[in-house]
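Down below is the structure, laid out as structure tokens.
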Amino acid sequence: MSTSRAGEDLAALRELIGRHKRRDVMFGIVGLACMMVGVVTLIVLFIDLLIDGAPRFSWDFFTSFPSRRAGEAGILSAWVGTLLVMAVTMVAAVPLGVAAGIYLEEYAPKNWVTDLIEINVTNLAGVPSIVYGLLALGLFVYALGFGQSVLSAGLTLALLILPVIIVATRESIRAIPGSIREAAHAVGATKWQVTYDHILPYSVGGIMTGVIIGLARAIGETAPIITIGALTFIAFLPAAPVQAEFPFVSGEWLFAPFTVLPIQMFNWVSRPDTAFHANAAATGIVIIVATLAMNALAIRIRYRIRQRIKW
Amino acid sequence: MKQLKSIAVAAALVGVTAAPAALADIVKIDGSSTVFPVTEAVAEEFQKSVKGKYKVTVGISGTGGGFKKFCRGDIDIADASRPILTKEMEECRKSGITYVELPVAFDALTVMVNPKNAFIKSMTVAELKKIWEPGAQGTITKWNQVNPEWPDAPLKLFGAGADSGTFDYFTEAIVGKAKSSRGDFTASEDDNVLVQGVSRDVNALGFFGYAYYAENTDKLKAVAIVEKAGGPAVLPSEKTVLDGTYQPLSRPIFIYVSAKSLQKPEVKQFVEYYLTHGPKLAKEVKYVALPPAAYKIGMQRVADVETGTAFGGIAEVGVKIDELLARALKQ
Numbered sequence: 015m016s017t018s019r020a021g022e023d024l025a026a027l028r029e030l031i032g033r034h035k036r037r038d039v040m041f042g043i044v045g046l047a048c049m050m051v052g053v054v055t056l057i058v059l060f061i062d063l064l065i066d067g068a069p070r071f072s073w074d075f076f077t078s079f080p081s082r083r084a085g086e087a088g089i090l091s092a093w094v095g096t097l098l099v100m101a102v103t104m105v106a107a108v109p110l111g112v113a114a115g116i117y118l119e120e121y122a123p124k125n126w127v128t129d130l131i132e133i134n135v136t137n138l139a140g141v142p143s144i145v146y147g148l149l150a151l152g153l154f155v156y157a158l159g160f161g162q163s164v165l166s167a168g169l170t171l172a173l174l175i176l177p178v179i180i181v182a183t184r185e186s187i188r189a190i191p192g193s194i195r196e197a198a199h200a201v202g203a204t205k206w207q208v209t210y211d212h213i214l215p216y217s218v219g220g221i222m223t224g225v226i227i228g229l230a231r232a233i234g235e236t237a238p239i240i241t242i243g244a245l246t247f248i249a250f251l252p253a254a255p256v257q258a259e260f261p262f263v264s265g266e267w268l269f270a271p272f273t274v275l276p277i278q279m280f281n282w283v284s285r286p287d288t289a290f291h292a293n294a295a296a297t298g299i300v301i302i303v304a305t306l307a308m309n310a311l312a313i314r315i316r317y318r319i320r321q322r323i324k325w
Numbered sequence: 139m140k141q142l143k144s145i146a147v148a149a150a151l152v153g154v155t156a157a158p159a160a161l162a163d164i165v166k167i168d169g170s171s172t173v174f175p176v177t178e179a180v181a182e183e184f185q186k187s188v189k190g191k192y193k194v195t196v197g198i199s200g201t202g203g204g205f206k207k208f209c210r211g212d213i214d215i216a217d218a219s220r221p222i223l224t225k226e227m228e229e230c231r232k233s234g235i236t237y238v239e240l241p242v243a244f245d246a247l248t249v250m251v252n253p254k255n256a257f258i259k260s261m262t263v264a265e266l267k268k269i270w271e272p273g274a275q276g277t278i279t280k281w282n283q284v285n286p287e288w289p290d291a292p293l294k295l296f297g298a299g300a301d302s303g304t305f306d307y308f309t310e311a312i313v314g315k316a317k318s319s320r321g322d323f324t325a326s327e328d329d330n331v332l333v334q335g336v337s338r339d340v341n342a343l344g345f346f347g348y349a350y351y352a353e354n355t356d357k358l359k360a361v362a363i364v365e366k367a368g369g370p371a372v373l374p375s376e377k378t379v380l381d382g383t384y385q386p387l388s389r390p391i392f393i394y395v396s397a398k399s400l401q402k403p404e405v406k407q408f409v410e411y412y413l414t415h416g417p418k419l420a421k422e423v424k425y426v427a428l429p430p431a432a433y434k435i436g437m438q439r440v441a442d443v444e445t446g447t448a449f450g451g452i453a454e455v456g457v458k459i460d461e462l463l464a465r466a467l468k469q
């Protein structure tokens, strides 16, 4: 009798284990399917763009201005505009975002005011971009008188990605063990010395990652840029920032009118002449490749810096 | 860190030497997306012809958005797919901006069905009204409810988005009141979405700009319009738009030039270039050019800086171009 009971127990146990294993496999399949939805969609989209846009890729496409003739139209003013706007965004957002992140993590007293600011910073990352556009229209374009310029656009996008940079900075600072701070304080270092000589160098990888991911988001933004008055047809470039005569640098480009890649693409998509749709697809490829390249760079930088850290 | 420092220093230097006043020789244009293709073509050719001496920028913020910037003095020329309205005239008056109104081309709104649709050749304005008026929402859902001779098939509607001048004009011309329309149709600001929709559904009916039809004649069938019952059915074409028989869906499109900006040589030259080369370029981008006399009158208006509008702030439907140009201008 006892042997038969043991046999029953064993059979029940085997069935239980088998059931759990089946569930395990099932979740694996469901998970794979979920992942494929995202990946396959992106790949199909990209291939579709490639098929439509690849014939338009040529040197001329990057060195021509927009035109009413699809075959002659290019993205020169758009990619130069995107580059300049991104430069302004970076110069404005990085110091502000990193400094704010350091302050919140290292200096800010732990009280309800700080808590409130922290919650708000996190929430700001979720505010729709058009809201930033409307704010910027009132503040930069009119109140500060920057006009519909590269400067206004760059500052608008800087506002947009500021929360991303602040959060990334804080996360990477938080990952540094407290013992490092304590050791530095123990030998008499001030808070600033600890921050400048230890915290910043160790966290720069994470900060750079945040900056690049923020810029990759900004590069595809259309709504806030349209709100502050980006153009659709512009067939000249802003004055070069470096000049031949004194004082050699010029800020004229900051106040120049501009357009950016996503706006150029949007305009071409909505044209009646279907030949323009190939141009739009080619522009889409440029934007996607730029974004992917930036993300790849972020991963690479993080990897290199992590290798350098010796603790 | 060193890099960051040098970037900051460079930024400060650049800021010091900034000089926004150097943008004086740019002709700034903004406004309607319907007028954009024509203005873009003119801007492109103008810039080539002056060899980069003057520069032109064209934005798209809609007719209303364009007038807002225009009356604030931000731009030199407003692209408009409808005449200036009373409210906008008021705003311009407040900021002391006067303008020269210049019709530059025709746009013909085209009603379209699927090419496989065999039973529709023409429609009357009354039939279109029955389909599009606000009361039709939820009740007129089949073709035979509009006309018993048509089949018992579902009616799928496609139209321009509510923010566009095209929607305003179509509702004004068909229903009798701007922006008054049923809401249960596929609306898009991007006309290509509408082209796709109508070309894929046998039971579809849609309206959009003539240029989109001209580029897609293989995928769409234009419907001839009967203005008054018993009248002739007229298809949109260069000829019927020009002789004024394609009614009430053909409309002139405009540019408004600030009188103050007209004193600048680059703006004056650009406008003159627009009126001389506009007809040819408008045809190239599938718009219908005005009769030659209209451009001559426009030139005269520019030379004399004759300001004001022929409409008095009211959007009208079916105005003939000759009559329009003969009218006295109102401030």
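First to last, the sequence lines map onto chains A and B. Residue 178 in the working numbering sits at position 164 of the first sequence; the count goes up by one each step and never skips. Residue 172 in the working numbering sits at position 34 of the second sequence; the count goes up by one each step and never skips. All C-beta atoms in this analysis are idealised placements derived from N, C-alpha and C, irrespective of residue type, glycine included. None of these values were measured; they are calculated from a predicted model.
Of all Cβ atoms in chain B, is any one closer than 8 Å to the Cβ of residue i?
i	result
A:M308	no
A:F250	yes
A:P81	This sequence places Ser at residue 81 of chain A; Pro is not what is there. It does: the Cβ of A:S81 has a partner Cβ on chain B nearer than 8 Å.
A:P286	yes
A:P276	no
A:G243	yes
A:P142	no
A:P238	no
A:F75	no
A:A204	For clarity, residue 204 of chain A is Thr in the given sequence; the question names Ala instead. Taking Cβ atoms only, chain B never reaches closer than 8 Å to A:T204, which makes this a no.
A:P123	no
A:V53	no
A:P271	yes
Taking DSSP's pairing of strands, which residues face residue i in a bridge?
i	result
B:L400	In DSSP, B:L400 forms no bridge with anything.
A:M49	According to DSSP, A:M49 bridges with nothing at all.
B:G297	B:A325
B:R389	B:D245
B:K254	Partner(s): none; B:K254 has no beta bridge.
B:G446	B:V238
B:P292	B:K280
B:L343	B:V251, B:L295
B:V196	A:F247, B:I167
State yes or no: is the beta carbon of residue i nearer than 8 Å to at least one beta carbon in chain A?
i	result
B:L161	Low confidence applies here, because B:L161 scores a pLDDT of 49, under 50, leaving its location unreliable; read the following figure in that light. Judged by the 8 Å Cβ criterion, B:L161 is in contact with chain A.
B:G153	In this predicted model, B:G153 has a pLDDT of only 46, less than 50, meaning its place in the structure is not dependable; the value taken from the coordinates is given anyway. B:G153 counts as touching chain A.
B:K402	no
B:V409	no
B:G197	yes
B:K398	no
B:Y384	no
B:A371	no
B:K193	yes
Among the residues of its own chain, which have a CB less than 8 Å from the CB of residue i, if the five just before and after it don't count?
i	result
B:Y425	P175, V176, A243, F244, D245, Y348, A349, I391
B:P435	According to the sequence shown, residue 435 of chain B is Ile rather than Pro. Closer than 8 Å at Cβ, skipping near neighbours: L463.
A:T209	I116, E120
B:A160	Its pLDDT being 44, under 50, B:A160 is placed unreliably in this model, and the coordinates cannot settle the point.
Cutting at 6 Å between CB atoms, please list the residues of its own chain near residue i, excluding the five before and the five after it.
i	result
A:F290	A84, W282
A:A114	I180
A:G228	I175, V178, I179
B:G197	D168
B:Y412	V180
B:N354	V333
On the premise that residue j lies in contact with residue i, defined as a C-beta separation below 8 Å, what is that separation, rounded to the nearest angstrom?
i	j	result
B:G299	B:E271	In fact, because the Cβ distance is near 18 Å, the residues do not count as touching under 8 Å.
B:I258	B:K268	Actually they are not in contact, since the Cβ atoms of B:I258 and B:K268 sit about 14 Å apart, beyond 8 Å.
A:I242	A:A150	5 Å
B:V165	B:F408	5 Å
A:I301	A:P238	About 16 Å; that fails the 8 Å criterion.
Can you list, in chain order, the residues of its chain whose CB lies under 7 Å from that of residue i, leaving out five sequence neighbours each side?
i	result
A:A87	S78, P80, S81, N293
B:R220	T201, G303, D306, Y307, A453
B:V284	E265, K268, I269, I278
### Task
For the stretch 179-190 of chain B, enumerate the residues whose C-beta is nearer than 8 Å to any C-beta of chain A, in chain order.
Cβ contacts with chain A come from A179, A181, E182, Q185, G190.
### Task
Identify each residue in the stretch 300-330 of chain B for which the Cβ-Cβ distance to at least one residue of chain A is less than 9 Å, and report them in chain order.
If the cut-off is 9 Å between Cβ atoms, the stretch 300-330 of chain B has E327, D328, D329, N330 near chain A.
### Message
Can you pull out the residues from the stretch 353-369 of chain B whose beta carbon lies closer than 7 Å to at least one beta carbon of chain A?
### Response
Flagged, chain order: E353.
### Task
Anything in the stretch 414-446 of chain B with a Cβ closer than 8 Å to a Cβ of chain A? List those residues in chain order, please.
Those residues of the stretch 414-446 of chain B that come within reach of chain A (Cβ to Cβ, closer than 8 Å) are L419, E422, V423, K424.
### Query
For the stretch 162-175 of chain B, which residues have a CB atom closer than 9 Å to at least one CB atom of chain A, in sequence order?
Taken in chain order, the members of the stretch 162-175 of chain B whose beta-carbon sits within less than 9 Å of a beta-carbon on chain A are I164, K166, I167, D168, S171, F174, P175.
### Query
Between the stretch 147-173 of chain A and chain B, which residues of the former have a C-beta closer than 7 Å to a C-beta of the latter?
Residues passing the 7 Å Cβ filter: G161.
### Query
In the stretch 171-191 of chain A, which residues sit with their C-beta less than 8 Å from some C-beta in chain B, listed in chain order?
Cβ contacts with chain B come from no residue of the stretch 171-191 of chain A.
### Message
For the stretch 213-237 of chain B, list every residue whose C-beta sits within 8 Å of some C-beta in chain A, in sequence order.
### Response
Taking a C-beta cut-off of 8 Å against chain A, none of the residues of the stretch 213-237 of chain B qualify.
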